[in-house]
Amino acid sequence: RYGMSRAIFIGILSGLVFYIVAPWVFPVFSPDKEIQQTATQYIRVMAFFYPLISIGITSGRSMQGLGAGLPQLVITSIRVALVSGPLAYIFTLVMGKPLVWVWYALGISVVCAAITSLTWLRHRLHSVRDRFALSIPGT
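Here it is as structure tokens:
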């Protein structure tokens with residue numbers, strides 16, 4: 020809980036910082052105003068999802084530490100192949116929405132990944148706790 024709360028705090032703080040400084044960062048990388056606007060728009064949308072990204076990262080690394088690396092691979096594959104890609108396609112090519120909807124698709128996929136990874140981590144922790152309790156004599 021301590022690690023997760025700190026990861027979320029860092030996600031909130033970095034999201035706020037990136038949201039604020041985005042317009043001043045991208046001119047360093049490109050003089051093209053359209054690129055700067057697109058990059059700023061992307062960061063300003065995705066900054067709201069930074070706390071959830073930190074949940075996914077922390078959950079994945081915790082499961083790896085518990086000896087279960089496969090869940091993170093599965094969650095990442097689902098996020099990319101089943102959620103963000105298809106949603107971006109539907110939003111832009113089927114519904115005719117502007118580019119910002121690709122960022123929304125990515126954000127929705129981050130929400131799905133965070134919920135899935137947190138649920139999987141909780142299940143894994145309960146399983147480890149139960150297995151540990153069974154291995155102690157007299158419990």
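Position in the sequence shown (from 1) plus 19 gives the number in the working numbering.
Each residue gets a CB set at the ideal place from its N, CA and C atoms; glycine is no exception.
Predicted model only: the values in this text are computed from it and were never measured.
| Does DSSP put ARG20 in a helix, in a strand, or in coil? | coil
| task | Counting only runs of 4+ residues fully inside the region 91-150, write out the alpha helix (DSSP H) ranges in chain order. | result | 104-108
| Run through DSSP, which three-state label would PHE48 get? | coil
| Nearest-angstrom Cα separation, counted from GLY86 out to VAL129 | 23 angstroms
| query | Which whole-angstrom value describes the C-beta separation of SER78 and LEU140, a residue pair presumed to lie in contact below a C-beta threshold of 8 angstroms? | reply | Taking the Cβ atoms as the reference, SER78 lies roughly 4 angstroms from LEU140, within the contact range of under 8 angstroms.
| When you compare each of ILE134, SER81, LEU125, GLN91 to VAL147 by their alpha carbons, which one comes out closest? | SER81
| Taking contact to mean at least 3 C-beta pairs separated by less than 8 angstroms, is the region 43-57 in contact with the region 108-116? | no
| message | For LEU71, report the span of its alpha helix (DSSP H) as first-last. | response | 69-84
| Can you tell me the Cα-Cα spacing of PRO46 and GLY34, whole angstroms? | Annotation: PRO46 to GLY34 spans about 19 angstroms, alpha carbon to alpha carbon.
| Using 8 angstroms as the threshold, is the region 88-96 in touch with the region 111-126, meaning 3 or more CB pairs across them? | no
| In chain order, what residues of the same chain lie with their CB nearer than 7 angstroms to the CB of THR59, ignoring the 5 residues before and after it? | ALA41, PRO42, PHE45
| request: Would you mind stating whether ILE74 and LEU125 have Cβ atoms separated by less than 7 angstroms? | output: no
| request: Pull up the distance between the alpha-carbon of THR135 and that of LEU89, whole angstroms please. | output: 13 angstroms
| query | Which value, in whole angstroms, describes the spacing of the CA atoms of PHE48 and HIS142? | reply | 43 angstroms
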